[in-house]
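Encoded as structure tokens, the structure appears first; notes follow it.
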Amino acid sequence: MPMTFRAAPPLSGNVTVPGDKSISHRSLMLSALAVGESRVEGLLEGEDVLATAAAMRAMGALIERDADGVWHIHGVGVGGLLQPEIALDMGNSGTSTRLLMGLLASHDLTATFTGDASLSKRPMARVTEPLAQMGASFTTSPGNRLPLTMKGACPAVPLDYELPVASAQVKSAILLAGLNTPGITRVVEPVPTRDHSERMLQGFGADLTVETQADGTRVITLVGEAELQPQQIIVPGDPSSAAFPMVAALIVPGSTVTISNVGLNSTRAGLIDLLREMGGAIEVVNQREVGGEPVGDLLVTASALHGVEPDPARAPSMIDEYPVAFVAAALAHGRSVFRGLEELRVKESDRIATMAEGLRAIGARVEELEDGLIIEGTGGHLLPGGGPIATKLDHRIAMSFAIAGLMSHDGVTIDDMRPVATSFPTFISLLRQLGAVA
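The sequence shown finishes on residue 438 if you use full-length UniProt numbering, and the numbering steps up by one all the way, no holes.
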């Protein structure tokens with residue numbers, strides 16, 4: 001479904017973005033392992049999260065959505081998952097796949113995971129290797145990719161594991177495996193990553209502790225076998241989705257936009273810090289805590305941005321937001337240098353190469369590095385535009401170039417906007433609400 005996005009008038013309005021994808025996945029998984037009924041409000045109803053819901057139903061959880069949009073999950077208890085009778089189709093969701101492999105690694109069942117063309121290209125070894133140390137076994141497609149079949153181990157072997165790369169998905173997979181593993185499972189995290197799993201596991205009643213050492217290393221310790229208690233969860237707005245209207249409001253002159261109810265977890269707030277360093281006017285108002293997560297409203301005003309060279313150590317706190325950050329840099333004054341982003345090459349697409357190719361196609365000056373990009377900004381002037389941009393089935397690439405189109409002479413055409421449904425099904429309607437799309 002190709003679509004063209006053109007130069008926009010000043011944006012204005014108060015909008016909300018869909019529920020946080022990371023929290024939505026974990027809400028369904030942990031609720032399915034609790035004994036009793038959990039209620040979840042604000043769940044992201046995108047394709048990725050719905051794939052998680054379908055998988056948990058296939059293994060025995062009763063999951064229903066009422067007319068008011070509240071999800072009710074009746075769990076089977078830790079260790080109570082049933083053998084799925086069909087392959088678990090993960091669609092485009094790497095989070096669903098990696099976390100569910102962890103969840104099943106300590107259950108006595110066999111499961112086959114499949115996915116779409118994009119997900120089937122993503123490497124799974126970073127998860128299968130530690131889970132194999134816990135006793136699970138895997139039969140994978142060449143390159144440790146999907147489709148794959150796994151057989152869980154029960155009882156599994158507790159693991160003491162130091163993460164070789166900063167990855168919340170790997171950390172979470174090991175912790176989820178530890179829920180049904182007798183003994184102590186420990187994950188050492190040299191570089192902090194998003195901590196939704198730790199917060200939610202504690203909220204559900206797991207015996208989990210986090211120790212932060214003097215050098216910033218985090219040691220997460222989980223005692224199995226856990227008993228989880230049902231919860232009432234309110235999912236905050238996803239900061240990765242808020243990134244798109246936030247950047248749009250900053251780059252389109254005269255804009256003032258409020259984005260309400262955004263999750264402000266410090267392990268996810270890297271983009272806000274980066275855009276402020278670029279000169280972006282972003283004010284956090286009405287700060288509060290909901291369900292153990294910090295939440296607030298973002299008041300964003302159009303600003304003259306300038307180039308930056310951010311610390312690569314920031315990458316884990318905004319890894320999914322770099323594509324739209326590259327768009328902001330392409331419209332800033334001066335040069336931006338982004339490094340330390342090797343992780344972007346193994347996302348839904350190779351996001352470094354795909355963004356470099358697309359930005360050049362619409363007239364930006366870009367140099368591709370092995371681990372990032374160098375971008376010469378336009379100084380606030382419109383990009384020429386062009387396309388169609390090949391998004392490689394990557395939702396964040398599609399949305400990033402849609403935002404770039406709002407500051408282009410000739411518009412930016414996206415080859416296929418359908419992947420946006422995986423994480424942000426209301427993206428087009430939100431832009432219309434702000435006055436950006438006719």
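Backbone N, C-alpha and C define an ideal beta-carbon position, used for all residues, glycine too. In this text, all values refer to a predicted model and were calculated from it rather than measured experimentally.
Of the choices S349, E309, D320, whose alpha-carbon is the least far from that of A332? In the sequence shown, counting from the first residue as 1, residue 332 sits at position 332. Checking every option, the nearest Cα to that of A332 belongs to E309.
Does the Cβ of D320 have 16 or more other Cβ atoms within 10 Å, making it buried, or fewer, making it exposed? In the sequence shown, the residue the question calls residue 320 occupies position 320. Its Cβ being crowded by 16 or more others within 10 Å, D320 is buried.
Of the listed residues Q287, M101, L30, nearest to V295 (C-alpha basis): Your numbering for residue 295 matches position 295 in the sequence shown. Among Q287, M101, L30, the Cα nearest to that of V295 is on Q287.
Ends of the beta strand (DSSP E) at K151? Sequence index remark: in the sequence shown, residue 151 carries index 151 (1-based). Start and end: 145-151.
Assuming the contact rule is C-beta atoms closer than 8 Å, M246 and I282 should be a hit. Round their C-beta distance to whole Å, please. Walking along the sequence shown from the start, residue 246 turns up at place 246. Walking along the sequence shown from the start, residue 282 turns up at place 282. 7 Å between Cβ atoms; contact.
Nearest-angstrom Cα distance between L146 and A87? Counting from one through the sequence shown, the residue named residue 146 turns up at place 146. Counting from one through the sequence shown, the residue named residue 87 turns up at place 87. When rounded, the distance between both Cα atoms is 12 Å.
Residues sharing a beta bridge with F427, DSSP: Position 427 of the sequence shown, counted from the start, is the residue given in the question as residue 427. Paired residues: none, contrary to the question.
Using the three-state DSSP reduction, which class does V235 fall into: helix, strand or coil? Taking the first residue of the sequence shown as 1, we reach residue 235 at position 235. Coil, per DSSP.
Measuring alpha carbon to alpha carbon, tell me which residue in R339, E342, A304 is nearest A328. Stepping through the sequence shown from its first residue, residue 328 is reached at position 328. For A328, the nearest C-alpha among the options comes from A304.
Looking only at C-alpha atoms, which of R432, A67, I397 sits nearest to M417? As a first step, residue 417 is located in the sequence shown; it is residue number 417 there, counting from the start. Of R432, A67, I397, the residue nearest in Cα terms is I397.
Residue from L298, I352, Q202 whose Cα sits closest to the Cα of G340: The residue you call residue 340 lines up with position 340 of the sequence shown. When each option's Cα is compared against that of G340, the closest is I352.
Residues of its chain near S255, where Cβ-Cβ distance is below 6 Å and the 5 sequence neighbours each way are ignored: Here residue 255 refers to the residue found at position 255 when the sequence shown is read from its first residue. Excluding residues within five positions, the ones whose Cβ falls inside 6 Å are P10, L11, A249, A302.
For P294, the residue or residues it bridges with in DSSP: On the sequence shown, residue 294 is found 294 positions in, with the first residue counted as 1. DSSP lists E289 as partners of P294.
According to DSSP, is L341 helix, strand or coil? The sequence position of residue 341 within the sequence shown is 341, counting from 1. Residue state, collapsed to three classes: coil.
Enumerated in chain order, which unbroken segments of the beta strand (DSSP E) with a length of 3 residues or greater are wholly contained in the stretch 359-389? 365-369, 372-376, 386-389
Beta strand (DSSP E) segment containing E162, residue limits: Against the sequence shown, residue 162 aligns to sequence position 162. Here the beta strand (DSSP E) through E162 covers 160-162.
Mind checking if T258 is an interface residue toward chain C, Cβ cutoff 9 Å exclusive? No chain C is present in this structure, which holds just one protein chain.
Along the chain, where does the beta strand (DSSP E) containing S179 start, and where does it finish? Taking the first residue of the sequence shown as position 1, residue 179 is located at position 179. It should be noted that the sequence gives Leu, not Ser, for residue 179. Taken as a continuous stretch (DSSP letters only), L179 belongs to no beta strand (DSSP E), as it is neither H nor E.
Which partner residues does S141 have in the DSSP bridge list? Taking the sequence shown and counting its residues from 1, one reaches residue 141 at position 141. The partner list for S141 (beta bridge, DSSP) reads R145.
The stretch 200-208 contacting the stretch 48-60, beta-carbon criterion three pairs below 8 Å: no
In angstroms, rounded to a whole number, what distance separates the CA positions of N265 and I374? Residue mapping note: residue 265 aligns to position 265 of the sequence shown, counting from 1. Residue mapping note: residue 374 aligns to position 374 of the sequence shown, counting from 1. Roughly 28 Å separates the two Cα atoms.
Excluding the 5 residues preceding and the 5 following L28 in the sequence, name in chain order all residues of the same chain whose CB lies nearer than 6 Å to its CB. To locate residue 28, count along the sequence shown from 1; it is residue 28. Here the set comprises T52, A53, M56.
Out of curiosity, what's the CA-to-CA distance linking E385 and L359? As a working mapping, residue 385 is identified with position 385 in the sequence shown. As a working mapping, residue 359 is identified with position 359 in the sequence shown. Note that residue 385 is Gly in the sequence shown, not Glu. About 9 Å.
Less than 7 Å between C-beta atoms, sequence neighbours within five positions excluded: which residues of the same chain meet that for G334? Within the sequence shown, the letter at position 334 stands for residue 334. Answer for G334: H306, G307, G377, listed in chain order.
Taking all protein chains shown into account, decide if Q83 is buried (16 or more other Cβ within 10 angstroms of its Cβ) or exposed. The residue labelled residue 83 in the question sits at position 83 within the sequence shown. Exposed.
Where the alpha helix (DSSP H) containing L222 begins and where it ends: On the sequence shown, position 222 is the one that residue 222 refers to. Element bounds for L222: not the alpha helix (DSSP H) but the beta strand (DSSP E), 218-224.
Nearest to residue 521 (by Cα), restricted to the options A315, P253, G79, A156: The structure shown does not extend to residue 521, since the chain is modelled only from 1 through 438, so no value can be given for it.
Leaving out the 5 sequence neighbours to the left and right, which residues in its chain are closer than 7 Å to A364 when beta-carbon positions are compared? Taking the first residue of the sequence shown as 1, we reach residue 364 at position 364. A330, I375, L383.
Once the 5 residues before and after G292 are set aside, which same chain residues still bring their CB inside 6 Å of it? Mapped onto the sequence shown, residue 292 falls at position 292. Cβ neighbours of G292 beyond the five flanking positions: R199, G203.
Identify the continuous alpha helix (DSSP H) that holds I414 and give its terminal residues. Taking the sequence shown and counting its residues from 1, the one referred to as residue 414 is at position 414. Looking at the DSSP string, I414 is not in any alpha helix (DSSP H); the run it does join, the beta strand (DSSP E), is 412-414.
For L275 and V437, the rounded distance between their alpha carbons: For this step, residue 437 is matched to residue 437 along the sequence shown. For this step, residue 275 is matched to residue 275 along the sequence shown. About 24 Å.
Over what stretch of residues does the alpha helix (DSSP H) that includes L305 continue unbroken? Within the sequence shown, the letter at position 305 stands for residue 305. That residue, L305, is in no alpha helix (DSSP H); it is neither H nor E in DSSP.
Does DSSP put D66 in a helix, in a strand, or in coil? For the purposes of this step, residue 66 is taken as residue 66 along the sequence shown, with counting starting at 1. Coil at D66, not helix or strand.
Can you tell me the Cα-Cα spacing of N144 and S120, whole angstroms? Position 144 of the sequence shown, counting from 1, holds the residue named residue 144. Position 120 of the sequence shown, counting from 1, holds the residue named residue 120. Going by the C-alpha atoms only, they are around 10 Å apart.
In whole angstroms, what is the alpha-carbon distance linking Q231 and E45? Looking up residue 231 in the sequence shown gives position 231. Looking up residue 45 in the sequence shown gives position 45. Spanning the two alpha carbons is a distance of roughly 19 Å.
Applying the 10 Å Cβ sphere with the 16-neighbour rule, what's the burial state of P164? Residue mapping note: residue 164 aligns to position 164 of the sequence shown, counting from 1. It counts as exposed.
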